[in-house]
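Novice: Residue numbers (the numbering used here): 9 to 230.
Below is the structure I would like to discuss, written out as structure tokens.
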Ligand SMILES: Cc1cc2nc3c(=O)[nH]c(=O)nc-3n(C[C@H](O)[C@H](O)[C@H](O)COP(=O)(O)O)c2cc1C
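Shown next as structure tokens:
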């Protein structure tokens, strides 16, 4: 397969929640995980480990932990949709249905990658501020995004979830993750059941890029 243009991959990498149960070959897994390891991290400490869960019983247990979390989250999320205009509401409801599908079928997904981070090696430079820290995540989520984009390039779909982090003690026990390591993402990987990818839907750059001071548009509205 010819390498995919980077901008095309960025423009079309969507969350793929409907995945075939077919196994993911080792060479593909090696390729996408190697791409994940090319990510930057504070001080180049590379505080990550990628725990690939293929064992059917462990996947089943991860699904048992995830499903109730997802149901609680989606109940609250769906309740907030009633105020939306019909078209936006229909779109959100489609997303929730596909996320329901992922949650119900998580154990059938061939690979779940649990991304772990070594907490002492995180460069948390904003920890002293009176707000939630966000900088620590910058040493791990670039690797997660590399992984997702690499999946796109080789024809795999990926769905990122973070809800399972709430069940970290149970996940750590299940997967024998040692003390000092945290879970920061769970990715379902597999071949897309349907089309999978396509153009992403995002706010236009004109709305989110400023020049010199907050709120001053960098680019004129189209
Ligand atoms: C931090 C984070 C957590 C997410 N958690 C979930 C999740 O628990 N379940 C799920 O189905 N999708 C999850 N997603 C996927 C988002 O719903 C998705 O990226 C977003 O709706 C945009 O859709 P797209 O990726 O298809 O363009 C998560 C994404 C991020 C970045």
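From the three backbone atoms N, C-alpha and C, an ideal C-beta is built for every residue, glycine too.
These numbers come from a predicted model, not from an experiment.
State buried or exposed for residue 46, treating a residue as buried only when at least 16 other CB atoms are found within 10 Å of its CB.
Specialist: With fewer than 16 other Cβ atoms within 10 Å, it is exposed.
Novice: Inspect the CB distances between the region 151-165 and the region 72-83 and report whether three or more fall short of 8 Å.
Specialist: No, they do not touch.
Novice: Suppose you measure from the CA of residue 182 to the CA of residue 121; what does that come to, to the nearest Å?
Specialist: In a straight line, the C-alpha of residue 182 is about 14 Å away from that of residue 121.
Novice: I'd like to confirm something about residue 213: is its beta-carbon nearer than 7 Å to some heavy atom of ligand 1, or not?
Specialist: Because no heavy atom of ligand 1 lies under 7 Å away, the Cβ of residue 213 does not count as near it: no.
Novice: State whether the region 44-60 contacts the region 91-105, with contact taken as three or more CB pairs (one from each stretch) at a distance under 8 Å.
Specialist: Counting Cβ pairs under 8 Å, fewer than three are found: no touch.
Novice: Around the C-beta of residue 147, are 16 or more other C-beta atoms found within 10 angstroms, so that it is buried, or is it exposed?
Specialist: The residue is buried, with at least 16 neighbouring Cβ atoms inside 10 Å.
Novice: Are the beta-carbon atoms belonging to residue 89 and residue 97 less than 8 Å from one another?
Specialist: Cβ distance < 8 Å, so residue 89 and residue 97 count as in contact.
Novice: Is residue 125 closer than 8 Å to residue 56 when the C-beta atoms are compared?
Specialist: It is a contact, given that the beta carbons lie within the stated cut-off.
Novice: Can residue 143 be considered in contact with ligand 1, in the sense that its beta carbon sits closer than 7 Å to one or more heavy atoms?
Specialist: For ligand 1, not one heavy atom lies less than 7 Å from the Cβ of residue 143.
Novice: Hey, is the region 14-31 in contact with the region 132-150, meaning 3+ C-beta pairs nearer than 8 Å?
Specialist: Judged by Cβ distances under 8 Å, the region 14-31 makes no contact with the region 132-150, as fewer than three pairs qualify.
Novice: Below 7 Å, is the gap between the Cβ of residue 208 and the nearest heavy atom of ligand 1?
Specialist: Yes, ligand 1 has a heavy atom inside 7 Å of this Cβ.
Novice: For residue 175, does the count of other Cβ atoms within 10 angstroms reach 16, so buried, or fall short, so exposed?
Specialist: So residue 175 counts as buried.
Novice: Just tell me which of 197, 170, 216, 158 has its CA closest to the CA of residue 13.
Specialist: When only C-alpha atoms are compared, the closest one is 158.
Novice: For a minimum of 4 consecutive residues, which ranges assigned as the alpha helix (DSSP H) are wholly contained in the region 133-182?
Specialist: Listed in chain order, the complete alpha helix (DSSP H) runs (minimum 4 residues) inside the region 133-182 are 149-162.
Novice: Please give the ranges of any alpha helix (DSSP H) in the region 76-115, keeping only runs that are unbroken, at least 4 residues long and fully inside the region.
Specialist: Fully enclosed alpha helix (DSSP H) runs of 4 or longer: 94-113.
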